[in-house]
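So the protein lines, in turn, are chains Y and C.
Following this note's numbering, the numbering of the first sequence begins with 600 at its first residue and continues without gaps.
Following this note's numbering, the numbering of the second sequence begins with 600 at its first residue and continues without gaps.
Every residue, glycine too, gets a C-beta built ideally from N, C-alpha and C.
2 protein chains.
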Amino acid sequence: MQFFKVKTVEETFALIEGNIPAIKQTEVRVLEEALHYILAEPVIAKENVPSFDRSTVDGYAVRAKDTYGSSESMPGFLTVTGEVKMGEVPTAKAGPGKAVYVPTGGMLPSGSDSVIMIEHCEEVDTLLNTYKQIAPGENVIRAGEDIREGETLLTAGTKLRPQELGALASLGVATVTVFRKLKVGYLSSGDEIVPYQTETLAEGQIRDINYLTISGLASEWNVDVLYGGIVRDDFEEFKQKARELYQHVDCLILSGGSSVGAKDYTTDVIQSLGDPGVFVHGISIKPGKPTILAMAGGKPVIGLPGHPASAMIIFKLFGEQILRKLKGERMERKLERVFARITKNIPSSPGRSDYIRVRLFEKEGEWWAEPIIGKSGLITTLVKSDGIVEISSEKEGISQGDYVPVISSR
Amino acid sequence: MQFFKVKTVEETFALIEGNIPAIKQTEVRVLEEALHYILAEPVIAKENVPSFDRSTVDGYAVRAKDTYGSSESMPGFLTVTGEVKMGEVPTAKAGPGKAVYVPTGGMLPSGSDSVIMIEHCEEVDTLLNTYKQIAPGENVIRAGEDIREGETLLTAGTKLRPQELGALASLGVATVTVFRKLKVGYLSSGDEIVPYQTETLAEGQIRDINYLTISGLASEWNVDVLYGGIVRDDFEEFKQKARELYQHVDCLILSGGSSVGAKDYTTDVIQSLGDPGVFVHGISIKPGKPTILAMAGGKPVIGLPGHPASAMIIFKLFGEQILRKLKGERMERKLERVFARITKNIPSSPGRSDYIRVRLFEKEGEWWAEPIIGKSGLITTLVKSDGIVEISSEKEGISQGDYVPVISSR
């Protein structure tokens, strides 16, 4: 096997960026069923939004110049000629000396260029007293002011959040072309691993924790997870089960046994799945060093360390980024971080990135991050944690009060 | 109708806390299908985790005292008596002068109290040279050190994140009692509102944006959304459609028309659904003042303002909190915020809470929040935003560089 140099965290992210293409298959979905999907094609506006000049307040549509000089002590006077109804084209005409009542969202009648709020005027019979002067365009959204016909509203690679769905709906775009949902396969390996449902453990056995944590994290990314079960530390069995699952998925995750022997199997199994094969074998990171990343026949394969805490941290950092690339989403991973101040000094080795589980609490308008004490194998430290602090590789540690990035796990 | 005083944001949260109970119905789910559900009962550990003393490294199980005085220049010597296999009870015995190879996660053989890492020793034939002294318990997780039998692992009201599922799996808890999934009904009203699929708008018409934004936001909370369609500004029709939908859901959301007439209908329709009725009618907030919150026959009813941006902000603040309470989750809403520094001065009126849409960017290890310029009715300002900044009611504004809380919408 090829010799691999341990990669830094930064190198690993760059390799993911360079090696993982978006899946090819797209599909057309109606908006109600497109939440959190990724646009595969840009959306161009085919009409103006709004399609007509609208009032943003309850008030009277007027010509702004008719209000000039109006004040509380010296009101102006206009004639009310009618009322605009929601969803209808105004029949009343505005124009010099005229005012038409218009509700919020209502269409401006022709002849008017602004709306005076009801708080700033008073209707007495058919006379409107105006107590304030307003500017042309005041309290009005003009046709096309929100979205202009021909404009690119959303680019390919955009994640469809509720607000993007709203913007599409406003344009009458009823369907979108998105990358189809990913299928992710998960396979556990290790002689000591037993199904999590096992009621009584024999000595030395451990339940399959990683299946639940890793499939849970993957599920949060709008993917389907296929469980391949647990394989023993046997090369042929491992290879066969991995190949089987690999056929049916877009991305394969293997949670390696943690023994030295099992680690070697994982690498060999991954190399057997297809070319070009492994591109990261070992990361300069704590915890999670024995991580393997590969591309096999166009599909990413992730070999996670066996420890539950390490596996979760590695998956949150690199696995999620691989899924994001694979599903066609533009990279914006930094947005998931918060910044917090650390409560105590933590030493670390330069050249290695360290990740520390923390509890977050608020003090005087800032987040503080308190490291959770406990050995790395403890699942309870994960339950107590709100996130993980990153100490990047160029640092020799962090000092009490320093601002640190926290990847939240809330 | 009863007279209502406009409530502050803080009063509104307190009223939600006091008025919204968790739903009564619970169900038993297997762990694979319990992600993001809320525990309805505490989980007590029925066994120790780990169930045996485990090594946290690859190394040799020894008695710590046999390594005392060992160093690079003056190694100690032990006899290797065998090897521990993963998932098996060790047959090799440790004890005075003895060392047994043990992989990460392997069970400690009797007679040993610690593990010396392979990096700190060297096996030559059956002799182990130890280059470092270690302490009792070093590199070992003791039985029950992670979770102790009889301990409350998770309390009722806990949201099951991936790490909680992992902790449950480690204990062999295969099923959990959770609050069942909520059904949320959504109904739009307004003569001007037409289905979002409408290809060509008549003058004055607007597509139903709020249905997609609000049902999208609700869906992110692991609830099912039932769409009741669009009703015209007609009291009897509105009441009938609302009552119909109300029968089938745990929480009803009405997106009011924005005209003055429609607003009155919404309140009357809500009051007609059941007692005790409206408890918030108007909030001292910008945008979103005309918000209505009610409890009708044990079910919360939310009357949102008609403007898309206002409706989204109100739902993110209060709607999500109502869903959280209703689904039985303990309140920890603050955790969804990040703190950022504001890029410019923003004035605000004391006594009113203001919410400003912002774009977040990172500069020198901190988040900065840049207000998005645009009138409140513009859906594109939502698409450009990463979150909303809160200017709380006691403030008269915020100054450039101030740290402000941001509710993220990523």
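Where residue i falls, given that 16 or more other Cβ within 10 Å makes a residue buried
i: C:A719; result: With the sequence shown as reference, residue 719 of chain C is identified as His, and Ala is not the correct amino acid for it. Buried: at least 16 other Cβ atoms inside 10 Å.
i: Y:R956; result: buried
i: Y:D985; result: buried
i: Y:Q846; result: exposed
i: Y:N738; result: buried
i: Y:K962; result: exposed
i: Y:T757; result: buried
i: Y:F676; result: exposed
i: C:M600; result: Confidence is the limiting factor: at C:M600 the pLDDT is only 47, short of 50, which leaves the residue's position unreliable and the question unanswerable from this model.
i: Y:Q762; result: buried
i: C:L726; result: exposed
i: C:T678; result: exposed
i: Y:S998; result: exposed
i: C:K943; result: exposed
i: Y:Q624; result: exposed
i: Y:I852; result: buried
i: Y:F603; result: exposed
i: Y:P907; result: buried
i: C:G897; result: exposed
i: C:A734; result: exposed
i: Y:A613; result: exposed
i: Y:T561; result: This structure cannot settle anything about residue 561 of chain Y, because the visible part of chain Y is limited to 600 through 1009.
i: C:P724; result: Checking the sequence shown, residue 724 of chain C turns out to be Asp, not Pro. Exposed, by the Cβ-count rule.
i: C:M911; result: buried
i: Y:E791; result: buried
i: C:A660; result: buried
i: C:I972; result: exposed
i: C:G658; result: buried
i: C:A801; result: exposed
Integer Cβ distance of residue i from residue j, believed to fall under 8 Å
i: C:S871; j: C:K838; result: 6 Å
i: C:G918; j: C:A895; result: Wrong, their Cβ atoms sit about 16 Å apart, outside the cutoff.
i: Y:G789; j: Y:L844; result: Not confirmed; about 16 Å, so no contact.
i: Y:R1039; j: Y:G686; result: Since the first residue of chain Y shown is 600 and the last is 1009, residue 1039 of chain Y is not available in this structure.
i: Y:T890; j: Y:G905; result: Between Y:G905 and Y:T890 the Cβ distance is about 11 Å, and since that is not below 8 Å, they are no contact.
i: Y:R842; j: C:A768; result: Actually they do not touch by this definition, with Cβ atoms about 26 Å apart.
i: Y:A639; j: Y:A755; result: 6 Å
Contact set between residue i and chain Y, taken where Cβ atoms lie within less than 8 Å
i: C:P907; result: G765, S769
i: C:D790; result: K684, M685, G686, E687
i: C:L811; result: L630, E631, P761, L764, G765, L767, A768
Contacts of residue i in chain Y (Cβ-Cβ under 7 Å)
i: C:M673; result: The contacting residues do not exist; C:M673 stays about 26 Å from chain Y at best.
i: C:Q804; result: G686
i: C:M706; result: E802, G803
i: C:G964; result: F938, Y1002
i: C:S808; result: Looking at the sequence itself, residue 808 of chain C is Ile, so the reference to Ser does not match. Chain Y residues near C:I808: G765, A768, S769.
i: C:T890; result: Going along chain Y, no residue has its Cβ under 7 Å from C:T890, so there is no contact; the nearest lies around 15 Å.
Listed by chain order, chain C residues near residue i by CB distance under 7 Å
i: Y:T979; result: D745, I746, A766
i: Y:V937; result: V937
i: Y:G578; result: Nothing in the structure corresponds to residue 578 of chain Y, since chain Y is present only between 600 and 1009.
i: Y:K974; result: T655, I740
i: Y:F651; result: E802, G803
i: Y:L634; result: G815, S818
i: Y:V988; result: Chain C residues near Y:V988: none, gap ~12 Å exceeds 7 Å.
Listed by chain order, chain Y residues near residue i by CB distance under 9 Å
i: C:W967; result: Near C:W967 there are no residues of chain Y at all, since even the closest Cβ is about 11 Å away, more than 9 Å.
i: C:M911; result: P761, Q762, G765
Beta-carbon neighbours of residue i, restricted to chain C and to distances below 8 Å
i: Y:Q999; result: Under the 8 Å cutoff, chain C gives no residues; its nearest Cβ is about 16 Å from Y:Q999.
Contact list for residue i against chain C, beta-carbon separation under 9 Å
i: Y:E737; result: Going along chain C, no residue has its Cβ under 9 Å from Y:E737, so there is no contact; the nearest lies around 11 Å.
i: Y:V879; result: None at all; the shortest Cβ gap to chain C is about 20 Å.
| Hey, is the region 684-702 of chain C in contact with the region 622-638 of chain C, meaning 3+ C-beta pairs nearer than 8 Å? | Contact fails: fewer than three Cβ-Cβ distances are below 8 Å.
| Every unbroken beta strand (DSSP E) inside the region 700-734 of chain C [3 residues or more] | Complete beta strand (DSSP E) runs here, min 3: 713-716, 720-723, 726-729.
| field | Three CB pairs or more closer than 8 Å across the region 944-959 of chain Y and the region 916-926 of chain C | value | The region 944-959 of chain Y is not in contact with the region 916-926 of chain C.
| Meets three-Cβ-pair contact criterion under 8 Å: the region 640-650 of chain Y and the region 793-800 of chain Y | With contact defined as three or more Cβ pairs closer than 8 Å, the region 640-650 of chain Y and the region 793-800 of chain Y are not in contact.
| message | Which runs of the beta strand (DSSP E) at least 3 residues long sit entirely within the region 740-777 of chain Y? Give them in chain order. | response | Whole beta strand (DSSP E) segments, 3+ residues: 751-753.
| message | Does the region 718-733 of chain C come into contact with the region 661-672 of chain C, if we say contact requires no fewer than three beta-carbon pairs (one atom in each stretch) closer than 8 Å? | response | Taking a cut-off of 8 Å on C-beta distances, the region 718-733 of chain C touches the region 661-672 of chain C, as three or more cross pairs fall below it.
| Ordered list of alpha helix (DSSP H) runs contained in the region 817-862 of chain Y, each at least 4 residues | Runs of the alpha helix (DSSP H) inside the region 817-862 of chain Y: 834-846.
| query | Where in the region 940-982 of chain C do unbroken runs of the alpha helix (DSSP H), each at least 4 residues long, occur, reported from the N-terminal end onward? | reply | As for any alpha helix (DSSP H) of minimum length 4 sitting wholly inside the region 940-982 of chain C, the runs are 978-982, ordered along the chain.
| field | Every unbroken beta strand (DSSP E) inside the region 852-922 of chain Y [3 residues or more] | value | Taken in chain order, the unbroken stretches of beta strand (DSSP E) that lie wholly in the region 852-922 of chain Y and span 3 residues or more are 875-880, 891-895, 898-903.
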